[in-house]
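Whatever position you read off the first sequence (first residue = 1), add 738 for the working numbering.
To start, the structure itself, in structure tokens.
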Amino acid sequence: MPELPEVETVARSLEPQVAGRLIVGVERLDWARMVEPHPAPVFSDLITGRRILRAHRRAKWVLLALDAGWTLALHLRMSGRLTVQAPDDVARPHVHLILTLDNDRRIFFDDERKFGRVRLLDAAGLAALDAAHGPEPLDERFTAAALARILAGRRTKIKPLLLDQRLIAGLGNIYASEALWLAQLHPLAPASAIDAAGATALHAAIRTVLHQAIAYEGSSLRNYRNSYGARGQNQEHFLAYDRAGTPCQRCGAAIERIVVAQRSTFFCPTCQRLPD
DNA sequence: CATTACCTGCAA
DNA sequence: TTGCAGGTAATG
């Protein structure tokens, strides 16, 4: 699933529904390794009675700030969904965690592939999570110069570099391909070969692609939904991702699919050039 | 660096 | 039946 725009949409849509609410119960914890700490009763005891102060995002983590200094950090990985449900809504088979709130609504964590993770963090744990990730690409501190410094001296190919959460937070397989298409950079370009103009173009492209995807409330290919259960619309606006064989919207050449670092990668072989 | 593992479902 | 999927961690 979810990359930065999807996680941002989930967090934003959760905020008005959960801020200020008390967690009064934990149900359906049938996949204990999903939560940390476990086993399930330990996790449940720590969570029950906590108040949710706000919902926000760091990298691809949804963060629920709780009282007493705790943070519930939820990662949707490939197929996770976080939705707020009415009291009479029944949990489908892939719901592995339910947080009951004091207004009788319930937060469902639904995850078909069971890759998702939920971690209860204290202040030190939250600081460690933050430190493990690179800058937020939509933060004003993420400048073209900051991106150029990240690229400098790294011989790795640019596409896998963009997926490395330690270097830049929040990009995933869709938006890496989209940003490189927009910046007219070849996914196999060595990072260190991208000049200042290329870094500036890539910086702008990353932000444009992410802002647009947030405006469309994310991309729904299979599983992704916002916290009201609604699909995103950004998949209607892809220019490279999942478009193999279709004409490039800039030059008309056929978009190609290649595999880079074991991930599908889509690009235009004509107008995304390798640096000399 | 590449490979495998973690899981399930769907389309070719 | 095989391959593939918005991700990441753990291995050679």
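Glycine residues also receive a C-beta, built at the ideal position from the N, C-alpha and C atoms.
In this text, all values refer to a predicted model and were calculated from it rather than measured experimentally.
Where does the unbroken alpha helix (DSSP H) through residue i begin, and where does it stop?
i      : result
ASP783 : 778–785
ALA865 : 861–869
LEU900 : 896–901
Going by C-alpha to C-alpha distance, which of the options sits closest to residue i?
i       : options                            : result
MET772  : ALA824, ARG857 and ALA884          : ARG857
ALA757  : ARG843, LEU909, SER782 and ARG963  : ARG843
ALA862  : LEU885, TRP808 and GLN922          : TRP808
GLN1000 : LEU926, GLU746 and TYR954          : LEU926
ASP980  : GLU916, ILE932, GLN922 and GLN971  : GLU916
SER930  : PHE853, GLY910 and LEU885          : LEU885
PRO928  : ALA953, THR938 and LEU900          : LEU900
ARG995  : ARG1011, CYS1009 and ALA978        : ALA978
ARG887  : PRO898, ILE906 and HIS871          : ILE906
CYS1006 : GLN922, GLY970 and GLY908          : GLN922
ALA716  : VAL762, GLY763 and VAL780          : Residue coverage of the chain in this structure runs from 739 to 1014, which leaves residue 716 outside it and unanswerable.
LEU812  : GLU774, GLN903 and LEU839          : GLU774
GLU765  : ASP860, PRO898, ALA829 and SER958  : ALA829
LEU859  : PHE853, SER1002 and LEU804         : LEU804
GLY983  : GLU850, THR1003, LEU837 and VAL998 : THR1003
LEU835  : ALA890, ALA778 and LEU784          : ALA778
TYR913  : GLY763, HIS941 and PRO825          : HIS941
TRP919  : ASP840, PRO743 and LEU1012         : LEU1012
ILE845  : LYS798, LEU752, GLY936 and THR786  : LEU752
GLU850  : CYS986, HIS975 and ASP768          : ASP768
GLY908  : ILE952, ALA934 and VAL762          : ILE952
Can you tell me whether residue i is helix, strand or coil according to DSSP?
i      : result
ASP933 : coil
ARG963 : coil
LEU889 : helix
GLN973 : helix
GLN755 : helix
ILE906 : coil
PRO925 : coil
PRO873 : coil
PRO743 : helix
LEU804 : strand
ARG750 : helix
Using the DSSP secondary-structure output, state which residues sit across from residue i in a beta bridge.
i      : result
ASN994 : Checking the sequence shown, residue 994 turns out to be Glu, not Asn. Paired residues: PHE1005.
ARG796 : TRP799
VAL773 : VAL856
ARG945 : Paired residues: none, contrary to the question.
ARG788 : Per DSSP, none; premise fails for ARG788.
LEU940 : None; LEU940 has no bridge partner.
Could you check where the beta strand (DSSP E) with residue i kicks off and where it finishes?
i      : result
GLU765 : 761–765
ALA811 : 809–813
LEU820 : 818–823
LEU839 : 833–839
ASP849 : 844–849
contact_flag[the stretch 870–878, the stretch 942–953] where n(CB pairs < 8 Å) is 3 or more | yes
Report yes or no: do the stretch 882–898 and the stretch 857–870 share at least 3 C-beta pairs separated by less than 8 Å?
-> no
Three or more C-beta pairs below 8 Å linking the stretch 751–771 and the stretch 789–804 = yes
Using 8 Å as the Cβ pair cut-off and three pairs as the minimum, do the stretch 819–833 and the stretch 963–976 touch?
-> yes
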